[in-house]
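Here's the structure we're looking at; comments come further down.
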Amino acid sequence: MKLSQLVGQRLKEAPRDAQTASHIFLIRGGYVRLVSAGLYTLLPLGRRITRKIEQILREEMDRVDGQEIRMPVVLPAELWEESGRYAKVGSELLRFKDRNGKDMLLGMTHEEAVVQVARTELVSYKQLPSMLYQIQTKYRDEARPRAGLIRVREFTMKDAYSFHGSQDCLEKYYERCHEAYVRIFKRIGLKQCLSILSDSGMMGGAVSHEFMAIADCGEDTIFASPDGSYRANREVAVAKLAFAKDAPLPLNKVHTPGCKTIADVAAFLKLSPAQTCKAVFYKDQDNKLVFVCIRGDLEVNEAKLRKAIQCPEIDFANDELIRAAGTVPGFASLLGIDAKKIRVVVDPSVSESSNLVVGANEEDHHMLNFNFARDAAGREHIMITDIATVREGDPCPLTGQPLQALKGIEVGNIFQLGTKYSAPMACNYLDQDGKSKPMIMGCYGIGVGRAMAAVIEQCHDDYGPVWPMAIAPFQVHLIGLNINQPEVRQACDNLYQSLLDAGIDALYDDRGEKAGFAFADADLIGVPLRLVVSPKTLAQSQVEFKQRNWGKRSELIALDGVLPFVQQQIQELMALCRPDTPTA
RNA sequence: CGGGGCGUAGCGCAGUCUGGUUAGCGCGAGUGGUUUGGGACCACUAGGUCGGGGGUUCGAAUCCCUCCGCCCCGACCA
């Protein structure tokens with residue numbers, strides 16, 4: 061490709077909107093262009109990269125016996141009604157009617173569609189296990205697209221679905237897919253990508269992992285032990301906190317004028333927040349009160365709470381609702397509360413700590429020395445479960461070491477779905493015993509554009525992306541300086557042609573721009589290998605060579621040895637992305 | 001959906017508060033010339049529904065009303 065013909069302007073300045081490295085460089089380098097919020101056109105450079113990523117995905121999916129298919133983006137609502145998701149999913153699902161008034165939708169994921177394939181094409185246990193995948197457009201009407209390609213509304217996703225005759229088979233296959241994912245992210249050049257335990261959310265199913273590209277701009281928080289043995293999404297992470305276990309002292313009411321917050325109470329009584337108990341009030345979608353107790357220094361993890369009480373939507377309760385339950389906002393506690401009438405959730409930090417300060421359910425008063433086992437009435441009706449948000453430095457549940465907090469971009473996920481879709485949608489097969497059984501399913505997704513953006517987040521310098529060889533838009537960037545001199549033009553043309561003839565993917569800057577201008581563009585395009593030909597180098601029958609990540613350093617190589625040299629460099633850089641040595 | 005910010009040429013911005021002729025500047029683009037190793041220089045040229053609509057006014061980019069769009073934070077998120 062000649063740079064003079066490449067579509068996609070490089071920009072000296074980024075649009076003000078762009079704030080993260082990947083967003084800035086994708087725009088400045090001419091990889092993508094915004095069409096509307098969360099909708100992007102991939103320009104040639106961006107498309108070249110995503111094609112290479114897609115090819116890696118194909119190879120790795122085929123390697124775990126996947127078969128590529130293609131399902132429609134537009135799907136009939138009736139299919140989603142079968143699984144129950146048509147009613148369940150909110151406005152993230154784009155619904156519309158076709159000309160006949162039939163309810164349709166844009167696929168945000170394809171469990172229903174693939175189940176329809178499986179239940180007609182896979183009928184016997186002899187055909188299982190089986191895995192189908194596609195690389196295709198998804199649409200999600202995101203409330204808030206952000207950070208360029210990190211969070212968009214329309215995107216290309218590799219989505220794969222496996223079908224099994226037994227849980228055991230699913231679990232074994234899930235492991236293979238996990239390994240395939242480790243290989244994939246290594247191959248596309250991510251430097252740090254961790255698989256973590258995750259909250260499977262509305263996707264359902266028991267076990268799931270998210271693959272997180274570690275990056276400061278990531279939306280997810282991950283807690284990891286220093287030795288890597290434990291890592292989990294903040295939504296599900298747990299810590300092994302130590303609780304005070306002193307001999308219970310008698311309850312004792314104290315006057316705490318105006319002390320409505322934990323900070324007030326702790327300061328007034330000269331205690332640490334960890335010696336207090338916090339009462340937090342939520343309401344569910346039916347406007348019913350949920351009374352939550354947690355140690356004063358901890359925060360409620362709403363994702364855990366939602367899961368614990370099996371309630372997808374919760375919000376803070378207003379004072380009216382709190383008072384109606386017989387408590388006093390700011391001075392509320394379990395004391396005198398009838399747990400039979402109100403839903404109460406207590407974190408172990410409260411049920412297992414001794415002598416906490418709690419509200420007295422009386423204006424301007426608190427109670428010292430609350431002990432759950434002694435003082436909470438109707439304990440048998442109270443749900444005791446971990447609903448605490450893990451903090452950086454909290455002890456790891458496995459090793460006890462202080463947990464580290466990392467930010468990550470979710471570039472892929474894998475789920476053990478079980479029969480969540482196959483059972484309601486009658487996706488059955490005939491087993492050896494002649495009985496019809498629902499298939500056990502797994503699903504496996506990777507966002508292609510997001511993966512590209514994540515690579516930039518991890519691989520860039522001040523001047524632009526530093527593409528890993530495996531997904532670079534080109535393998536070699538050839539620049540001709542003073543190319544208006546016929547002998548330079550000739551030498552460059554010849555070298556370019558011989559690179560192409562050798563099967564090397566070369567970009568040729570034939571524009572005759574000034575050196576600085578050409579170099580700045582080359583940095584933005586981020587091709588891993590660069591060759592510069594100029595009258596100076598030509599006079600010695602040499603070519604200047606550098607790798608993209610060498611900064612200003614370069615070396616001279618003989619013109620007649622360029623081809624084998626470049627081929628070897630490509631091999632060496634490709635080797636850096638070989639999946640042989642899994643890291644995650 | 002809640003909070004905040006922004007919308008003037010392809011990109012970055014000034015002008016808006018305090019209304020007043022032909023709406024400017026830098027980058028980018030085109031032509032000609034001089035240049036040529038880390039975003040050169042000179043001259044000329046093209047490029048604008050000042051986000052849309054309505055209103056106030058002799059006069060609106062500027063004031064008022066309204067709608068739309070984009071970004072950031074939060075909520076939500078297979």
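Residue 61 is where the first sequence starts when you use the working numbering, and the numbers rise one by one after that. All residues carry an ideal CB built from backbone N, CA and C; glycine is no exception.
For residue i, the residue or residues it bridges with in DSSP
i    : result
H537 : L567 and R590
I444 : V406
S255 : F271
S413 : Paired residue(s): none; S413 is not in a bridge.
S64  : The partner list for S64 (beta bridge, DSSP) is empty, contrary to what the question assumes.
A284 : R291 and Q464
G419 : H426
L367 : Here residue 367 is Lys; the residue named in the question, Leu, does not match the sequence. Paired residue(s): none; K367 is not in a bridge.
P525 : H520
Q69  : Paired residue(s): none; Q69 is not in a bridge.
V134 : L166
S496 : L490
F376 : Y342
E128 : Y193
Residue range of the unbroken beta strand (DSSP E) whose run includes residue i
i    : result
R76  : Counting along the chain, R76 falls outside any beta strand (DSSP E), and DSSP gives it neither H nor E.
Q492 : Unbroken run through Q492: none, as it is neither H nor E.
I500 : I500 to G507
Q464 : Q464 to G478
K606 : Q602 to Q607
F223 : E214 to H224
C337 : C337 to K343
V352 : L349 to R355
Other residues of its chain near residue i: CB distance less than 6 Å, five sequence neighbours each side excluded
i    : result
C637 : R247, G249, P528 and A530
Y241 : F271 and G472
E359 : T449
E171 : Y481
A514 : A273, I469 and V471
V622 : V603
C456 : S285, Y290 and L463
Own chain partners of residue i with C-beta closer than 8 Å, once the 5 adjacent residues on each side are dropped
i    : result
M634 : M529 and A530
S226 : I500
L560 : A566
R383 : P389
Exposure of residue i, with buried meaning 16 or more beta-carbon neighbours within 10 Å
i    : result
H520 : buried
K330 : exposed
D77  : exposed
N554 : exposed
L458 : exposed
N160 : exposed
K232 : exposed
T80  : buried
A147 : exposed
Q194 : buried
P624 : exposed
W140 : buried
A97  : exposed
S222 : buried
K125 : According to the sequence displayed, residue 125 carries Asp and not Lys. Flag for D125 reads exposed.
F351 : buried
S143 : buried
S332 : exposed
E632 : exposed
F577 : exposed
V174 : buried
Q600 : exposed
H224 : buried
Start and end residues, alpha helix (DSSP H) containing residue i
i    : result
E615 : First-last for E615: E615 to A618, but that is the beta strand (DSSP E), not the alpha helix (DSSP H).
G576 : A575 to I585
I244 : Q227 to R247
S143 : A137 to S143
F432 : F432 to D435
L623 : V622 to L636
C552 : P546 to D561
Neighbourhood of residue i by C-beta distance below 7 Å, restricted to the same chain and skipping five residues each side
i    : result
D446 : V298, K364, D407 and P408
L94  : Y100
V67  : L103 and P104
P310 : N429
Item checked: beta strand (DSSP E) runs contained entirely in the segment 75-122, provided each spans 3 or more residues -> Segments of the beta strand (DSSP E) lying fully in the segment 75-122: 92-96 and 99-102.
Item checked: Runs of beta strand (DSSP E) lying entirely within the segment 146-223, each at least 3 residues, in chain order -> 155-157, 163-166 and 190-199
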